[in-house]
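Undergrad: One structure is given below, represented as structure tokens, and several questions about it will come after.
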Amino acid sequence: MHVPVVVLGGGPGGYAAAFLAADLGMQVALVERDERLGGTCLLRGCIPSKALLHVGRVLSEAREMKEWGIQFERPTLNLDALRARKDKVIAALTGGLGQLAQRRNVTVVHGTARFTNSTTLEVTPAAAGGASQRITFEHCILASGSRPARIPAFDIGSPRVMDSTGALELADVPDSLLVVGGGYIGLEMGTVYAELGSKVSVVELTDTLLPGADRDLVKPLQKRLAGLLAAIMLRTKVVTIEDTGTSVRVSFEGPEGPSVQEFSRVLIAVGRRPNSDGIGLENTKVIIDAKGFIGVDGQQRTADPHILAIGDVCGEPMLAHRASHQGKVAVEALHGEPALFAPRAIPAVVFTDPEIAWAGLTENDVAASGRVVEISKYPWAASGRAHALGRTDGLTKILIDPETDIVLGVGIVGPGAGELIAEGVLAIEMGCSARDLMEAIHPHPTLGETVGFSAENYFGVATEIYRPRSETTPR
Ligand code: FAD
Ligand code: NAD
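Counting from 89, one number per residue, gives the positions in the sequence shown under this note's numbering.
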């Protein structure tokens, strides 16, 4: 088969690219080794984890209704039904992608692809005995994604030691679970298992959960997790992991010295690695860095003029919306448009309870760069809606350029932060000033108001916060 454009990988980067290419009139083939389209995000990432987090959230809200005089009976868990409901969500979405591909005349080829040179892929079907296929192309958009990082010492071949894919399968609700890694996956999946009834402990190598997020955003989450989880062990190293036949024995080295504990299961969530190996890139001119990421320019073009790369395989942050956006940039570039991947803000959301979300400049960035910014914070204790929800633990903050009042960054912690951050993304991308945010009428009573109120607080005029004016208060 010869096609002008082939996309390798059917995740949120790959299918977004293939669909746009078809929409723009290109003849396109999409190669995916899985039987279903959707990639990590849909089949074993974003969507199943959020479906399970939804369940966890309902359980915690039902529990907290006690404070409001409503008491539910202790919930019973039908694990088969829960798994089936989660799988139904995935099936609906992946089925939809298959239909969309068909309607757009995207040729979907199922099999594992490998470059034999800069313009040829060899695709081996998953089914034994099937003949491999050669696809030649003018351009390939490589969207092969990433996989869980493995630590050889913990790779003991035990069914009790899982990665995120295993954890999402939800084989059981173990009595106790050790989560290695206090990042996105560790805290999201740790929350799910804790809400379902496991005694969850998290061990994190650094001195904080979510090292990439600002400290003031992590604080309310850590406080709540301290009540939900059995233990949070920071600055602690897992030294050995051993399957005893009935449990997993883990030895630690932490601030209080060495210790040993047993757990029913262990989840390893220590990051992800790009799928840039084993696909024949040595037969092309593509350049790969020391971490395995593919080097690309602002139009997602690699060092090989026939190959572009998008999504997790070409760097951090490994997020679905970044992958899709890059997919569109790559296709627009091939279509001859002046496309450029140069976002001012790629939002990040950790879907824990409370959620943490940020976009644009963070306080961590400021500390690293020494840039002068004003930071205006609005504690949710001042928000009527937060009180009505019984969730005053949130915080909304805006990072502002004091010279121009332009909004450079937004950070939010609290329930629904992932939805609220969209306003921050738009403000940063549009070059809004704090005054724009302050003067835009936000609906009352909503948590979204806290974005406008943070801007009011910058000018020292937030209705619900008294801040004495000084010489330096902006006008
Ligand atoms: P992928 O989604 O990894 O897709 C790559 C595809 O390429 C796969 O389908 C793979 O089978 C295929 N492929 C690879 N090699 C070959 C080959 N040789 N031949 C044929 N096919 C091949 N991100 C968010 O933004 N929000 C979230 O809430 C979120 N939650 C997550 C939760 C978990 C548990 C995990 C693991 C990840 C989560 N992510 C989330 C990250 C997100 O899943 C990734 O950033 C996103 O899927 C990257 O998209 P991609 O298209 O680059 O790659
Ligand atoms: P992560 O990078 O978010 O977190 C890994 C954590 O493990 C870090 O805090 C790190 O310090 C710690 N760590 C590393 N080695 C360790 C060790 N030996 N012992 C203890 N701790 C160790 O990685 P992740 O949680 O595996 O997630 C991978 C990626 O998937 C994320 O970075 C993100 O890009 C994506 N993801 C996104 C979402 C979302 O958008 N909501 C959800 C899940 C995953």
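Ideal Cβ placement from N, Cα and C applies to all residues, glycine included.
Remember, predicted model here, so these are calculated numbers, not experimental data.
Going by Cα to Cα distance, which pick from 437, 442 and 237 is closest to residue 448?
TA: If you number the sequence shown from 1, residue 448 lands on position 360. Nearest option by C-alpha distance: 437.
Undergrad: Distance, Cα to Cα, residue 405 vs residue 362?
TA: The residue labelled residue 405 in the question sits at position 317 within the sequence shown. The residue labelled residue 362 in the question sits at position 274 within the sequence shown. Their Cα atoms are separated by approximately 12 Å.
Undergrad: May I have the straight-line CA-CA distance separating residue 445 from residue 487, to the nearest angstrom?
TA: Sequence index remark: in the sequence shown, residue 445 carries index 357 (1-based). Sequence index remark: in the sequence shown, residue 487 carries index 399 (1-based). Using only the alpha carbons, I get a separation of about 14 Å.
Undergrad: Using DSSP bridges, identify the partner residues of residue 205.
TA: Counting from one through the sequence shown, the residue named residue 205 turns up at place 117. 208, per the DSSP bridge assignment.
Undergrad: Identify the continuous alpha helix (DSSP H) that holds residue 277 and give its terminal residues.
TA: Taking the first residue of the sequence shown as 1, we reach residue 277 at position 189. Counting along the chain, the alpha helix (DSSP H) containing residue 277 begins and ends at 272 to 284.
Undergrad: So within the stretch 334 to 409, which uninterrupted beta strand (DSSP E) runs reach at least 3 residues, ignoring any that extend past its ends?
TA: Runs found: 336 to 342, 345 to 351, 353 to 356, 360 to 362 and 395 to 397.
Undergrad: Would you list the residues whose beta-carbon is nearer than 6 Å to any heavy atom of the ligand NAD, in the order they occur in the chain?
TA: Cβ-based neighbours of the ligand NAD within the cut-off: 239, 268, 269, 270, 271, 272, 273, 274, 276, 291, 292, 293, 294, 299, 326, 357, 358, 359, 360, 405, 406, 407, 437, 438 and 439.
Undergrad: Applying the criterion that 16 or more other CB atoms from any shown protein chain within 10 Å of the CB defines a buried residue, is residue 347 buried or exposed?
TA: Residue numbering aside, residue 347 sits at position 259 when the sequence shown is read from its first letter. Burial call: exposed.
Undergrad: Should residue 166 be labelled buried (16 or more other beta-carbon atoms within 10 Å of its own) or exposed?
TA: Translated into the one-based positions of the sequence shown, residue 166 becomes position 78. Under this definition residue 166 is an exposed residue.
Undergrad: How about residue 164: is its Cβ closer than 7 Å to a heavy atom in the ligand FAD?
TA: Position 76 of the sequence shown holds residue 164. No, Cβ of residue 164 sits at least 7 Å from all heavy atoms of the ligand FAD.
Undergrad: Counting along the chain, where does the beta strand (DSSP E) carrying residue 159 start and finish?
TA: Along the sequence shown, read from residue 1 onward, the residue named residue 159 stands at position 71. Unbroken run through residue 159: none, as it is neither H nor E.
Undergrad: Alpha carbon to alpha carbon, how far is residue 501 from residue 412? Give it in angstroms, no decimals.
TA: Your numbering for residue 412 matches position 324 in the sequence shown. Your numbering for residue 501 matches position 413 in the sequence shown. Those two C-alpha atoms are separated by around 25 Å.
Undergrad: Do residue 242 and residue 92 have their CB atoms nearer than 8 Å?
TA: Stepping through the sequence shown from its first residue, residue 242 is reached at position 154. Stepping through the sequence shown from its first residue, residue 92 is reached at position 4. Contact: no.
Undergrad: Less than 6 Å between C-beta atoms, sequence neighbours within five positions excluded: which residues of the same chain meet that for residue 545?
TA: Counted from its first residue, the sequence shown places residue 545 at position 457. Cβ within range, chain order: 464, 466 and 553.
Undergrad: Could you check if residue 232 belongs to the surroundings of the ligand FAD, using beta carbon to heavy atom distance under 7 Å?
TA: In the sequence shown, counting from the first residue as 1, residue 232 sits at position 144. Yes, the ligand FAD has a heavy atom inside 7 Å of this Cβ.
Undergrad: Can you give the Cα-Cα distance for residue 380 and residue 177, rounded to whole angstroms?
TA: Counted from its first residue, the sequence shown places residue 380 at position 292. Counted from its first residue, the sequence shown places residue 177 at position 89. Rounded to whole angstroms, residue 380 to residue 177 spans 32 Å at the Cα level.
Undergrad: I'd like to confirm something about residue 409: is its beta-carbon nearer than 7 Å to some heavy atom of the ligand FAD, or not?
TA: Residue numbering aside, residue 409 sits at position 321 when the sequence shown is read from its first letter. Because some heavy atom of the ligand FAD lies under 7 Å away, the Cβ of residue 409 counts as near it: yes.
Undergrad: For residue 138, which residues of its own chain have a beta-carbon under 8 Å away from its beta-carbon, when the five flanking residues on both sides are left out?
TA: Along the sequence shown, read from residue 1 onward, the residue named residue 138 stands at position 50. Counting only Cβ-Cβ distances below 8 Å, and skipping sequence neighbours, we find 439.
Undergrad: Taking just the CA atoms, how far does residue 202 sit from residue 258?
TA: The sequence position of residue 258 within the sequence shown is 170, counting from 1. The sequence position of residue 202 within the sequence shown is 114, counting from 1. Approximately 32 Å, taken between the alpha carbons.
Undergrad: Which same chain residues end up closer than 8 Å to residue 131 when comparing Cβ atoms and leaving out the 5 residues on each side of it in sequence?
TA: Looking up residue 131 in the sequence shown gives position 43. So the qualifying residues of the chain are 122, 124, 178 and 182.
Undergrad: When DSSP labels each residue in this structure, what does residue 97 get in the three-state scheme?
TA: In the sequence shown, residue 97 corresponds to position 9, counting from 1. In the structure shown, residue 97 sits in coil (DSSP, three-state: anything other than H, G, I, E or B).
Undergrad: Provide the residue(s) that pair with residue 446 in DSSP beta bridges, ordered along the chain.
TA: By one-based count along the sequence shown, residue 446 stands at place 358. Answer is 436 and 499.
Undergrad: Is it the case that the Cβ atoms of residue 382 and residue 401 are separated by a distance below 8 Å?
TA: Your numbering for residue 382 matches position 294 in the sequence shown. Your numbering for residue 401 matches position 313 in the sequence shown. The answer is yes: Cβ separation under 8 Å.
Undergrad: What's the call for residue 475, buried or exposed, on a 16-neighbour Cβ count within 10 Å?
TA: In the sequence shown, counting from the first residue as 1, residue 475 sits at position 387. Burial call: exposed.
Undergrad: Can you grab the Cα-Cα spacing for the pair residue 409 / residue 133, in whole Å?
TA: Translated into the one-based positions of the sequence shown, residue 409 becomes position 321. Translated into the one-based positions of the sequence shown, residue 133 becomes position 45. Spanning the two alpha carbons is a distance of roughly 13 Å.
Undergrad: What residue range does the alpha helix (DSSP H) around residue 224 cover?
TA: Translated into positions along the sequence shown, residue 224 becomes position 136. No alpha helix (DSSP H) contains residue 224, which is instead part of the beta strand (DSSP E) from 221 to 230.
Undergrad: Decide if the stretch 348 to 360 is in contact with the stretch 266 to 278; the criterion is three or more beta carbon pairs, one per stretch, under 8 Å apart.
TA: Yes: the two stretches touch, three or more of their Cβ pairs being nearer than 8 Å.
Undergrad: Given a threshold of 16 other Cβ atoms within 10 Å of its Cβ, counted over all protein chains shown, does residue 332 qualify as buried or as exposed?
TA: On the sequence shown, residue 332 is found 244 positions in, with the first residue counted as 1. Exposed, because fewer than 16 other Cβ atoms sit within 10 Å of the Cβ of residue 332.
Undergrad: If you reduce the DSSP assignment to three classes, tell me which class residue 331 lands in.
TA: As a working note, residue 331 is residue 243 in the sequence shown. The answer is strand: DSSP assigns residue 331 an E or B state.
Undergrad: Look up residue 317 in the DSSP assignment and say whether it is helix, strand or coil.
TA: As a working mapping, residue 317 is identified with position 229 in the sequence shown. Here residue 317 sits in coil by DSSP.
Undergrad: Restricting to Cα atoms, I'd like to know which of 223, 262 and 172 is closest to residue 95.
TA: Stepping through the sequence shown from its first residue, residue 95 is reached at position 7. Nearest C-alpha to residue 95: 223.
Undergrad: In the stretch 464 to 495, which residue ranges form an unbroken alpha helix (DSSP H) of at least 4 residues, counting only runs that do not cross its ends?
TA: Listed in chain order, the complete alpha helix (DSSP H) runs (minimum 4 residues) inside the stretch 464 to 495 are 472 to 477.
Undergrad: Within the same chain, show all residues whose beta-carbon is closer than 6 Å to that of residue 109, passing over the 5 residues directly before and after it, in chain order.
TA: Along the sequence shown, one-based indexing puts residue 109 at 21. Correct list, in chain order: 93, 116 and 419.
Undergrad: Is DSSP giving residue 124 helix, strand or coil here?
TA: Taking the sequence shown and counting its residues from 1, one reaches residue 124 at position 36. Reduced to three states, the DSSP call for residue 124 is coil.
Undergrad: Cα-Cα, which of 229, 255, 535 and 221 is closest to residue 236?
TA: As a working note, residue 236 is residue 148 in the sequence shown. Among 229, 255, 535 and 221, the Cα nearest to that of residue 236 belongs to 255.
Undergrad: Taking residue 264 as part of the beta strand (DSSP E), name the residues at either end of that continuous run.
TA: In the sequence shown, the residue the question calls residue 264 occupies position 176. Here the beta strand (DSSP E) through residue 264 covers 264 to 268.
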